[in-house]
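Asker:
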Amino acid sequence: MKPERQPDEARSVQKLYELLPQASSFHRQLEQKGKETEQAAKKKKSTEPLKIWSWNVAGLRACVKKGGHQLIRESNADIVSLQETKCAEFPNEINALDEYQYKKLLVSKQNKGGYAGVALLSKEKPVRVDVGIGDADFDEQARYIQAEYPNFFFVVVYVTNAGQKLVNLQKRARKPVVIGGDMNVAHQEIDLRNPDTNRNKTAGFTDQERDAFTRLLDAGFVDVWRARNPGTTGAYTYWSYIGNRFSNNIGWRLDYFVVSQRVKRSIFLSAVEWEQTLRKNERKFIAIKLRSVFIQSDGRRSRIVISNSAWPSLHEDQGEFVHIGTFDHPYPSTKVLWIPDTKSAYPDLLATTGDYLRIWRLGGHSGASLEIRLDNNRSSEYCAPLTSADWNEVDVTLIGTSSIDTTCTIWQIETGQAVANTEHAIGGNVKTQLIAHDKEVFDIEFSKLSSGRDIFASAGADGSIRMFDLRHMEYSTIVFEEPCKKPLLRLAWNKQDHNYLATFAQNSNEIYILDIRIPSMPVSVLKNHTGSVNGIAWAPHSTCHLVTAAEDCQALIWDVHQIPRSVDDPILAYAASGEINQVQWSSALSDWISICYDKTLELLRV
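Each residue of the sequence shown is one higher than the one before, starting from 1 at the first, in full-length UniProt numbering.
This is the structure:
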């Protein structure tokens with residue numbers, strides 16, 4: 001029970017926080033990696049909200065004896081965060097909660113599990129799970145579980161010092177973050193009954209801890225309860241055993257849901273709940289509900305729409321999209337690619353990445369049928385999610401993928417000979433796999449340098465662009481390193497002058513233009529965006545034009561022919577009705593650019 005804290009515990013937890021930035025990386029090799037499952041406990045309808053529960057149970061076995069497992073079941077929560085579990089294994093009553101497909105208990109090695117400990121119950125199996133910080137001396141404190149879902153990260157915490165190092169989560173996350181747990185701090189004076197008698201005298205209400213929580217919020221997070229109830233008093237979650245603190249409501253608010261700013265609008269319920277029969281536990285549980293717009297469909301699948309377009313360049317009066325088909329894709333897709341077959345020698349194929357690389361054939365009642373799912377880790381039950389892919393334009397039998405497991409994989413695709421064959425005629429083998437970066441790899445793209453077939457580059461969370469040659473895989477060339485080591489999210493090769501490429505960093509409004517003949521330093525930096533850049537694409541017909549798109553709702557076209565002289569302004573700009581997530585420049589019809597924002601695809605004529 002907190003806020004009373006033993007000196008040894010305080011020292012060990014302080015050191016734990018010193019190491020926590022390593023632990024909170026969402027992009028390390030993880031203990032478990034999500035795998036698509038065909039049997040879901042309950043498939044959530046797209047209109048249903050996501051409910052998350054958090055509860056410091058002060059001993060899971062004791063909680064179960066008082067009917068705590070029944071409360072969990074009756075809550076119908078999709079995700080449950082439990083803290084201070086103090087047990088070496090789940091009680092039978094928790095194991096019997098079959099609706100929770102995934103259960104994870106992090107056990108403290110101190111006192112054989114009778115100390116600290118956290119647990120995660122989830123109706124949907126996470127894509128991946130990370131526990132502890134990877135340090136044997138401190139993982140035994142069992143205070144941290146990190147789970148990735150298709151559209152967000154959820155973090156179970158039982159910490160002291162207000163989670164001061166959790167500020168790193170928002171900086172590293174590619175998706176919204178939801179933190180639920182016992183933070184052991186009363187942030188504002190209205191978060192405890194007696195602020196004056198406890199200020200800087202009692203752990204949980206010191207200036208240091210309160211300032212640390214403020215820094216956490218300043219890093220891009222929101223205290224959900226306080227944001228929705230700014231002046232409410234008496235909403236406490238912890239009471240000391242001493243005296244009649246509970247009956248007199250002399251308590252503290254120590255348990256929190258803290259979420260990314262971008263999730264704030266999706267939350268429509270935040271509650272401090274209580275059950276009379278468990279009063280002696282001296283803890284309340286907290287709950288939030290998030291609108292379905294946040295979890296996107298059922299959180300497990302996305303949809304890919306295939307259309308054909310009557311282009312205005314061919315029909316000057318009007319143009320329209322013709323819907324060909326829609327098919328479900330397991331987990332949100334991170335990249336969608338048409339086969340770059342200009343000679344129509346192969347079937348109409350589509351490649352997608354997410355949990356695996358999948359090749360689809362155009363046709364059938366749904367618009368496309370799955371030809372093959374390619375997995376380069378067949379010895380494991382789990383997969384490392386893929387972040388991007390590129391199809392080689394010179395040799396269309398080659399596809400490259402990048403992954404969070406620090407690797408790039410080049411696949412050799414065998415398409416067969418019968419173009420009109422309705423049977424599955426596609427196979428694939430790993431041509432090569434390599435550890436490309438020190439951290440996660442976020443993008444990969446082939447270049448037409450040299451033979452036009454063998455060279456590709458990758459961008460990674462270690463802040464570097466690296467270039468590889470399939471003919472000499474024993475080494476790579478570091479083309480560029482971001483000055484502040486920020487993760488580089490995307491790269492794009494110049495389609496006409498293959499010595500140039502462009503890239504941008506996470507949460508940055510700048511685009512770096514690189515010349516591989518002058519490594520390490522960008523030859524130009526484009527700075528006109530006022531929001532984080534999300535996409536870049538070079539013109540297919542020009543050596544000096546590229547388009548960029550960002551969260552400032554702008555798509556900008558640049559002319560960089562004058563580099564190395566500075567390029568101050570774009571030559572064209574388009575303002576969309578929402579934050580632009582991606583941009584592409586048509587290689588077949590170079591007068592057209594496509595952008596997407598919200599749930600909208602727009603075609604722009606240059």
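We treat Cβ as the ideally placed atom computed from N, Cα and C, and that holds for glycine.
Just so it is clear, the structure is predicted and the values come from calculations on it, not from any experiment.
How would you write the range of the alpha helix (DSSP H) that Gly68 sits in, first residue to last?
Answerer: 68-75
Asker: Taking just the CA atoms, how far does Thr197 sit from Tyr158?
Answerer: 25 Å
Asker: Since Asn528 and Pro570 are thought to touch, with beta carbons under 8 Å apart, how far apart are those beta carbons, to the nearest angstrom?
Answerer: 6 Å
Asker: Looking at C-alpha atoms only, which residue of Ser369, Phe446, Gln412 is the closest neighbour of Asp328?
Answerer: Of the listed residues, the one whose Cα sits closest to Asp328 is Ser369.
Asker: Just grab the DSSP bridge partners of Asn249 for me.
Answerer: DSSP output for Asn249 lists no bridge partner at all.
Asker: Are there 16 or more other CB atoms within 10 angstroms of the CB of Asn534, so buried, or fewer, so exposed?
Answerer: buried
Asker: For Ala436, which of helix, strand or coil comes out of DSSP?
Answerer: coil
Asker: Our contact map puts Phe442 next to Ala457 with C-beta atoms below 8 Å; I'd like the distance itself, whole angstroms only.
Answerer: Contact doesn't hold; Cβ gap of about 12 Å is too wide.
Asker: Across which residues does DSSP place Tyr102 in a beta bridge pair?
Answerer: Ser122
Asker: Excluding the 5 residues preceding and the 5 following Phe90 in the sequence, name in chain order all residues of the same chain whose CB lies nearer than 6 Å to its CB.
Answerer: Closer than 6 Å at the Cβ level, and outside the excluded window around Phe90, lie Leu105.
Asker: Are at least three pairs of beta-carbons, each pair with one atom in the segment 114-124 and one in the segment 212-221, less than 8 Å apart?
Answerer: no
Asker: So is Pro522 buried or exposed if we call it buried at 16+ other beta carbons inside 10 Å?
Answerer: buried
Asker: Consult DSSP for Asp454 and reduce its assignment to one of helix, strand or coil.
Answerer: coil
Asker: DSSP has Val224 in a bridge; who is on the other side?
Answerer: Answer is none; Val224 lacks a bridge partner.
Asker: Taking the alpha-carbon of Leu546 as reference, which of Ser577, Ser586, Lys103, Asn76 has the nearest alpha-carbon?
Answerer: Ser586
Asker: With DSSP collapsed to three states, give me the class of Arg300.
Answerer: With a pLDDT of 44 at Arg300, under the threshold of 50, the modelled position of this residue cannot be trusted; read the value that follows with caution. Correct three-state label for Arg300: coil.
Asker: Return the CA-CA distance between Phe221 and Tyr256, expressed in angstroms with no decimal places.
Answerer: 12 Å
Asker: If you draw a straight line from the alpha carbon of Leu601 to that of Arg253, how long is it in whole angstroms?
Answerer: Approximately 45 Å, taken between the alpha carbons.
Asker: Under DSSP, the alpha helix (DSSP H) around Thr197 begins and ends at which residues?
Answerer: For Thr197, the enclosing alpha helix (DSSP H) begins and ends at 195-198.
Asker: What are the boundary residues of the alpha helix (DSSP H) that includes Lys65?
Answerer: 60-65
Asker: Is the beta carbon of Ile595 sitting closer than 8 Å to the one on Val583?
Answerer: Contact flag set, yes.
Asker: Is it buried or exposed for Ser54, if we count other Cβ within 10 angstroms and need 16 for buried?
Answerer: buried
Asker: Mark Ile478 as exposed unless 16 or more other C-beta atoms lie within 10 angstroms of its C-beta, in which case mark it buried.
Answerer: So Ile478 ends up on the exposed side.
Asker: How many Å lie between Lys123 and Tyr100 at the Cα?
Answerer: 4 Å
Asker: Measuring straight from C-alpha to C-alpha, what distance separates Gln506 and Ser577?
Answerer: Spanning the two alpha carbons is a distance of roughly 22 Å.
Asker: At the level of alpha carbons, what is the spacing between His323 and Leu362?
Answerer: Straight across, the Cα-Cα distance linking His323 with Leu362 is about 13 Å.
Asker: With DSSP run on the structure shown, which of helix, strand or coil describes residue 630?
Answerer: Residue 630 lies beyond the stretch modelled for the chain, which goes from 1 to 606, so this question has no answer here.
Asker: Leaving out the 5 sequence neighbours to the left and right, which residues in its chain are closer than 6 Å to Asn392 when beta-carbon positions are compared?
Answerer: Leu398, Phe446
Asker: Beta strand (DSSP E) containing Glu209: first to last residue?
Answerer: Run containing Glu209: none in the beta strand (DSSP E); it sits in the alpha helix (DSSP H), 207-218.
Asker: Name, in chain order, the residues that DSSP records as bridge partners for Gln582.
Answerer: Cys596
Asker: Excluding the 5 residues flanking Ser590 on each side, which residues of the same chain have their C-beta closer than 7 Å to its C-beta?
Answerer: Ala539, Pro540, His541
Asker: Would you kindly check if the distance between the Cβ of Ser520 and the Cβ of Glu481 is under 8 Å?
Answerer: yes
Asker: Would you kindly check if the distance between the Cβ of Val560 and the Cβ of Ile516 is under 8 Å?
Answerer: no
Asker: Using three-state DSSP, classify Asp191 as helix, strand or coil.
Answerer: helix
Asker: On a CA-only basis, which of Val155, Pro340, Arg199 is nearest Ile179? Give me that one, please.
Answerer: Val155
Asker: To the nearest angstrom, how far is it from the Cα of Ile250 to the Cα of Ile190?
Answerer: 12 Å
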